[in-house]
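Single-structure report; data block below.
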Amino acid sequence: MRPASPASRSTSCRDMRRALPILVLLAIAGRSLGADFSREARIREQIEDSILIGEAITLRADGHGFLAIHTEADTPKTIGAAIILHGMGADPNRTTVIRPLRTDLAEHGWMTLSLQMPVAASDAPASAWRRLITEAGPRIAAAVTQLKDSGILNIVLIGHSLGADMGLSYLAGQQPEAIRAFVAIGLSAGGDNPDDSVLRAIAKLKIPVLDIFGGEDLPAVRQTARARRIAARKAGNALYRQIRIDGADHFFSDMDDVLDSRIRAWLHKTAKGVEIKK
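Positions -4 to 273 (this note's numbering) are the ones given, in order, by the sequence shown.
The structure is reproduced here in structure tokens:
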């Protein structure tokens, strides 16, 4: 074999230098695609000891185990079960919104199952988190199966922020009979275009929906509230209700009691039937 000429070696070096930035970008993109299971494991290690109410369990979806916090109803009778989905950068025991809600509902007759949702790498862009929405579906389905196997048929789904988007996407795609009602906390849309994915998903729902947000919420939440209402109304969902809580920010800081009481009151009207098989 003849050795490569200096000219061909020079060309190869130039080609490698040109390809290097592309390879770096592909490597970065590869890290940001899909759920980061190593990061999920670290989150579990960090929060498991902080679970004072409820029990850490492991559910499985798509061949992977994931954390869920199961809390029994602290009442003689169990009304039903609430599956709770956290938002971007949070966890199933987050002190804002999630922990207060899962424990408060348990005190008032609801079993709760707070799920660890798929997380992106710590350096991933916002677009990578959006791509995780479809990966959330199998986890929600696994939680529904867990509850049904326990004999509970009166199941509601509650999501905050990105978790609300994940829950909405799952319900719009699956139309599961097991979910009796949906609570979206701090749900945002991409605008008032009817083709927006959130608005299209809202239009597909036929079950009771509570769209609840803060008066000081994120602009993307507040500014698309009207578009969300219109999407539900045009779809003919008379069971859709929207509530704005004045003074509340996206995380309902110092207003957990108000948020929880409004959700409980709405659930009492829409999903109060006790349906448990023993």
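Don't be surprised by glycine CBs; every beta carbon is placed ideally from N, CA and C.
Quick caveat: nothing in here was measured; it's all calculated off a predicted structure.
Problem - Range covered by the alpha helix (DSSP H) that runs through residue 122 - result: 121 to 125
Handout entry: First through last residue of the alpha helix (DSSP H) which encompasses residue 44
Key = That residue, residue 44, is in no alpha helix (DSSP H); it is neither H nor E in DSSP.
Practice task
Would you kindly work out how many angstroms separate the C-alpha atoms of residue 221 and residue 236, rounded to a whole number?
Solution key: 12 Å
Practice task
From the DSSP output, in three-state form, read off residue 21 for me.
Solution key: Any reading at residue 21 must be qualified, since the residue scores a pLDDT of 37, below 50, and its modelled position is unreliable; no value is offered.
Exercise for the section: Pull up the distance between the alpha-carbon of residue 176 and that of residue 41, whole angstroms please. Expected result: 32 Å
Problem - residue 99 to residue 249 span [Cα, whole Å] - result: 15 Å
Exercise for the section: For residue 202, collect the residues of the same chain with a Cβ closer than 7 Å to its Cβ; drop the 5 residues on either side in sequence, then sort them by chain order. Expected result: 174, 175, 176, 177, 234
Practice task
Determine, using beta carbons only, whether residue 294 and residue 223 come nearer to each other than 8 Å.
Solution key: Any property of residue 294 remains undetermined from this structure, which presents the chain solely from -4 to 273.
Problem - Residue range of the unbroken beta strand (DSSP E) whose run includes residue 237 - result: 235 to 240
Practice task
Compute the Euclidean distance between the alpha carbons of residue 59 and residue 164, then round it to the nearest angstrom.
Solution key: 21 Å
Exercise for the section: Return the residue from the list 110, 46, 44 that minimises the CA-CA distance to residue 55. Expected result: 110
Exercise for the section: Taking residue 219 as the reference, give the member of 239, 140, 116, 61 with the closest Cα. Expected result: 239
Exercise for the section: Evaluate contact between the stretch 143 to 150 and the stretch 84 to 96, counting only Cβ atoms and requiring at least three cross-stretch pairs below 8 Å. Expected result: no
Handout entry: Same chain, Cβ closer than 8 Å to residue 139, five either side skipped, listed in chain order
Key = 78, 150, 171, 173, 174
Exercise for the section: From the DSSP output, read off the bridge partner residues of residue 207. Expected result: 180, 238
Handout entry: Through-space distance from residue 119 to residue 26, alpha-carbon basis
Key = With a pLDDT of only 42 at residue 26, under 50, the local geometry of the prediction cannot be trusted, and the value read off the model is given with reservation. Straight-line Cα distance between these residues: approximately 8 Å.
Problem - Close beta carbons around residue 158, own chain, < 7 Å, minus the five adjacent residues each side - result: 80, 81, 82, 112
Problem - Backbone secondary structure at residue 142 - three-state DSSP - result: helix
Exercise for the section: Look at the alpha carbon of residue 96 and the alpha carbon of residue 43, and state the distance between them as a whole number of angstroms. Expected result: 18 Å
Practice task
Determine which residues share a DSSP beta bridge with residue 98 and list them.
Solution key: Beta-bridge pairing links residue 98 to no other residue.
Exercise for the section: Go ahead and pull the three-state DSSP assignment for residue 48. Expected result: coil
Exercise for the section: Starting from the C-beta of residue 30, find all residues in its chain whose C-beta is less than 7 Å away, skip the five residues before and the five after it, and write them out in chain order. Expected result: 113, 114, 127, 130
Problem - Classification of residue 311 by the beta-carbon crowding that lies within 10 angstroms, buried from 16 upward - result: Any property of residue 311 remains undetermined from this structure, which presents the chain solely from -4 to 273.
Exercise for the section: Inspect the beta-carbon positions of residue 68 and residue 101 and report whether they are closer than 8 Å. Expected result: yes
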